[in-house]
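Remarks on the structure that follows.
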C-alpha cells in the first residue's frame with residue numbers, strides 16, 4: 008500500500024464518487040473508470056471558476072481544449088463504492104498546453120490508488136489548431152493548481168517512488 012502523505016506538494020483536491028456500475032466483476036473500480044474520475048473532478052474545478060458550458064455554449068474560449076495524452080499508474084485498487092479524492096497540481100504550463108499531475112487517493116488521504124499525468128492543448132474552434140491560453144486562464148490555472156516546477160521531472164507523481 009502506498010501512503011498518500013509521502014508526497015507533499017500544493018494541490019487542488021476534488022472529491023469524486025465511485026458508483027456500483029463503475030466496478031468490475033471483483034468489486035474493484037474498473038481500470039477504464041479512472042480516467043472518468045479524473046475528467047469529472049477536473050471539469051468541476053474549472054466549472055466552479057467559471058469555465059464551463061451554459062446551454063451548450065462555452066463560457067470562455069479556453070473551455071475548448073483537447074486531451075493530448077493521459078498516463079496512469081495503478082497503485083492500490085479502489086474496492087467498492089464511495090468517495091475518493093482526486094488531487095491535481097500543475098506540472099507544466101506552456102503557451103497553448105498544460106500538463107497536470109494527479110493522484111487518486113482514499114477519502115482519508117492515506118492510500119494512493121492511482122497517479123499520472125494529463126496533457127491538454129487549447130483549441131481555436133475556427134481553425135481547430137492550437138491557440139494560446141488567455142492570460143487570465145494562465146493566472147487562474149496557477150492559482151488553482153500551483154506554479155509549475157522549474158524541472159518537472161523532479162516533481163513527477165512518481166518522483167522518489169520505487170519503480171518496478
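Residue numbers (my numbering): 8 to 171. Glycine included, C-beta positions come from ideal geometry on N, C-alpha and C. Please read all numbers here as calculations on a predicted model, not as lab measurements.
Around the Cβ of residue i, are there at least 16 other Cβ atoms within 10 angstroms (buried) or fewer (exposed)?
{"i": "residue 26", "result": "exposed"}
{"i": "residue 90", "result": "exposed"}
{"i": "residue 124", "result": "buried"}
{"i": "residue 109", "result": "buried"}
{"i": "residue 44", "result": "buried"}
{"i": "residue 111", "result": "buried"}
What residue does the beta strand (DSSP E) around residue i start on, and which one ends it?
{"i": "residue 114", "result": "Run containing residue 114: none; DSSP gives neither H nor E here."}
{"i": "residue 2", "result": "The displayed coordinates of the chain run from 8 to 171. Any statement about residue 2 would go beyond what the structure contains."}
{"i": "residue 124", "result": "119-129"}
Answer yes or no: do residue i and residue j have a C-beta to C-beta separation smaller than 8 Å?
{"i": "residue 83", "j": "residue 106", "result": "no"}
{"i": "residue 97", "j": "residue 153", "result": "yes"}
{"i": "residue 39", "j": "residue 86", "result": "no"}
{"i": "residue 151", "j": "residue 73", "result": "no"}
{"i": "residue 28", "j": "residue 36", "result": "no"}
The ligand MN and residue i: does any heavy atom of the ligand fall closer than 7 Å to the residue's C-beta?
{"i": "residue 148", "result": "Among the ligands in the structure shown, none appear at all, so the ligand MN cannot be discussed."}
Looking only at its own chain, which residues have a Cβ that is under 6 Å from the Cβ of residue i, when we skip the five neighbours before and after it?
{"i": "residue 21", "result": "48, 51, 52, 93"}
{"i": "residue 157", "result": "none"}
Sorted by chain position, which residues of the same chain lie with C-beta nearer than 8 Å to residue i's C-beta, five sequence neighbours on each side aside?
{"i": "residue 132", "result": "68, 71"}
Under the assumption that residue i contacts residue j (Cβ atoms under 8 Å), give the Cβ distance between them as a whole number of angstroms.
{"i": "residue 95", "j": "residue 24", "result": "Residue 95 to residue 24, Cβ: 17 Å. No contact."}
{"i": "residue 121", "j": "residue 79", "result": "6 Å"}
{"i": "residue 100", "j": "residue 148", "result": "6 Å"}
{"i": "residue 76", "j": "residue 126", "result": "5 Å"}
Below 7 Å CB to CB, which residues in the same chain sit around residue i once its five sequence neighbours on both sides are set aside?
{"i": "residue 103", "result": "128, 129, 137, 138, 139, 140"}
{"i": "residue 58", "result": "66, 67, 69, 70"}
{"i": "residue 155", "result": "97, 98, 99, 100"}
{"i": "residue 145", "result": "100"}
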